[in-house]
Amino acid sequence: MTEIVIRPARPEDAAALGALGRQTFIDTFVEGFGIPYPKADLNAFLDASFDLEPTLKKLAEPDCAWWVADRDGELLAFANAGPNGLPHPEARPSHMELRRLYVSRAAQGLGLGTRLLKLSLDWMQTHTDGPLWIGVWSGNDKAQRLYAAYGFEKAGEYDYPVGAWRDHEFILRRG
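Okay, so the sequence shown: first residue is 2 according to our numbering, each after it adds one.
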């Protein structure tokens with residue numbers, strides 16, 4: 002087995018990124034946390050978030066960055082950062098947000114989440130004129146502890162749409 006390489010995502014990664022995102026969401030939120038999303042809502046969210054066309058569009062979005070953890074052409078994890086879109090009264094689009102940090106079930110415990118987080122935070126810090134932001138599901142204590150270790154504090158709450166379903170999320174801020 003060869004070394005895992007963290008590199009910028011490329012358009013040709015879109016299908017694999019979408020598949021990884023879809024499966025990791027299911028593994029984490031449906032199977033792991035047992036959130037009882039109605040099937041139609043879950044499928045609508047997964048399609049809008051991880052199908053090929055939406056993924057290609059997100060990869061091409063201006064002022065955003067994507068990184069993947071790649072082992073021999075297999076994507077194991079990814080991170081995405083870009084202009085803040087969280088609904089907080091002090092948040093601005095010129096601030097940066099960690100939008101997604103997904104690590105596949107098979108790659109858990111390899112340190113990829115931390116490596117991708119550090120890379121994302123460094124990039125975000127050089128591209129912002131204000132604080133850094135993260136939205137995290139209110140029940141994901143492990144992620145909240147990780148982000149707290151990097152200086153993030155709870156700054157608010159909001160409802161994140163998964164189809165018509167709403168996940169209760171915390172808004173975290175650093176700086």
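Yeah, the Cβ is synthetic: ideal placement off N, Cα and C, and Gly gets one too.
Euclidean distance between Cα positions of residue i and residue j
{"i": "Ile7", "j": "His128", "result": "20 Å"}
{"i": "Pro132", "j": "Arg72", "result": "33 Å"}
{"i": "Glu154", "j": "Ser95", "result": "19 Å"}
{"i": "Ala136", "j": "Glu4", "result": "The sequence shown places Gly at residue 136, rather than the Ala named in the question. For Gly136 and Glu4, the distance between alpha carbons rounds to 31 Å."}
{"i": "Glu170", "j": "Ser139", "result": "5 Å"}
{"i": "Glu32", "j": "Ser121", "result": "27 Å"}
{"i": "Leu57", "j": "Pro12", "result": "6 Å"}
{"i": "Leu68", "j": "Ala82", "result": "According to the sequence displayed, residue 68 carries Trp and not Leu. Cα-Cα distance, rounded: 9 Å."}
{"i": "Thr25", "j": "Ile36", "result": "14 Å"}
{"i": "Ala61", "j": "Leu173", "result": "26 Å"}
{"i": "Glu54", "j": "Gly22", "result": "14 Å"}
{"i": "Asp52", "j": "Leu118", "result": "24 Å"}
{"i": "Glu123", "j": "Asn44", "result": "Per the sequence presented here, residue 123 reads as Asp, with Glu not at that position. Cα to Cα, the separation comes out at about 34 Å."}
Top-ranked residue by Cα proximity to residue i, from the options
{"i": "Ala16", "options": "Lys40, Tyr38, Asp48", "result": "Asp48"}
{"i": "Met97", "options": "Trp138, Leu87, Val104, Arg106", "result": "Leu87"}
{"i": "Ala20", "options": "Tyr103, Lys40, Phe34", "result": "Tyr103"}
{"i": "Ala107", "options": "His89, Leu77, Phe34", "result": "Leu77"}
{"i": "Asp143", "options": "Thr115, Asp123, Tyr159", "result": "Residue identity check: residue 143 is Lys in the sequence provided, not Asp. Comparing Cα positions, the closest option is Thr115."}
{"i": "Asp14", "options": "Lys119, Ile36, Ala80, Met125", "result": "Ala80"}
{"i": "Arg100", "options": "Ala66, Glu158, Leu18, Gly157", "result": "Ala66"}
{"i": "Tyr151", "options": "Asp130, Asn141, Glu158, Gly176", "result": "Gly176"}
Per DSSP, the bridge partner or partners of residue i
{"i": "Asp168", "result": "Tyr161"}
{"i": "Val6", "result": "Asp71"}
{"i": "Leu173", "result": "Ile135, Lys155"}
Minimum Cβ-Cβ distance from residue i to chain D less than 8 Å
{"i": "Pro88", "result": "Among the chains of the structure shown, chain D does not appear; only one protein chain is present."}
Spatial neighbours of residue i in its chain, beta-carbon cut-off 7 Å, leaving aside the 5 residues before and after
{"i": "Ala92", "result": "Asn85, Trp134"}
Beta-carbon proximity list for residue i, same chain, < 6 Å, skipping 5 on both sides
{"i": "Arg167", "result": "Asp160"}
{"i": "Ala70", "result": "Ile5, Ile7, Leu77, Ala78, Leu113"}
Nonlocal neighbours in the same chain, by C-beta distance under 8 Å from residue i, ignoring five residues either side
{"i": "Asp42", "result": "Val163, Gly164, Ala165, Trp166"}
{"i": "Tyr38", "result": "Phe30, Val31, Phe46, Val163, Gly164, Trp166"}
Problem set entry | Completely contained beta strand (DSSP E) runs for the segment 55-113, where each covers 3 or more residues | 66-72, 75-84, 97-104
For this session: Jot down the residue ranges of each uninterrupted beta strand (DSSP E) in the segment 122-154, minimum 3 residues, whole runs only, in chain order.
Result: Here the runs fully enclosed are 133-138.
Problem set entry | Length at least 3, wholly inside the segment 10-60: the beta strand (DSSP E) runs in chain order | none
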